[in-house]
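Trainee: Sending over a structure as structure tokens; questions will come in a sec.
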Amino acid sequence: AGLAFQHAEAQLRDSQDQAQLAEHTAALRNREIQVARSHLQQQRAAELATEQETRCAAAEARAEHLEERLSVAHQQAALLRRTLSNAMSASHRRQRRSTATRASRRWDQHRQENLTAEVNELREDLLRRRHEVAV
96 AGLAFQHAEA
106 QLRDSQDQAQ
116 LAEHTAALRN
126 REIQVARSHL
136 QQQRAAELAT
146 EQETRCAAAE
156 ARAEHLEERL
166 SVAHQQAALL
176 RRTLSNAMSA
186 SHRRQRRSTA
196 TRASRRWDQH
206 RQENLTAEVN
216 ELREDLLRRR
226 HEVAV
């Protein structure tokens, strides 16, 4: 009976040791799982950061390209404004010359009409005086 009791106690201790060993093994595995998860999370975070950096770099490149296009558009607009201004100035000068030419022609025509009328009056006056002298 004593031997059976000692054998039972040894089996109990052995079972307790095996249970404790299983707990330690489970704790180690849980820790390994946590470390692996943490590693995966860090790896995924690094991948996301790399993807984000890539997207940021692409966005910066697009922004620079758009800034260059905007600069070119501003230059083209300035050139078009100068061209339009020059064209309007040239048109305005032509219009002023044309207006001045028309005014000058009207003045010349008016002056010629006045001179013609004055010459006609002088002729009539001369004819009248000749007629008076003749009579």
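The sequence shown: position 133 = 228 (our numbering), numbered continuously.
Where a beta carbon is used, it is the ideal one built from N, C-alpha and C, also for glycine.
State the start and end residues of the unbroken alpha helix (DSSP H) segment that holds Ala-121.
Mentor: 97-229
Trainee: May I ask you to check if the CB of Glu-159 is nearer than 7 Å to at least one heavy atom of the ligand FAD?
Mentor: No copy of the ligand FAD appears in this structure; indeed no ligand is present at all.
Trainee: Can you give me the Cβ contacts of Arg-223 inside the same chain, cut-off strictly under 8 Å, excluding the 5 residues immediately before and after it?
Mentor: none
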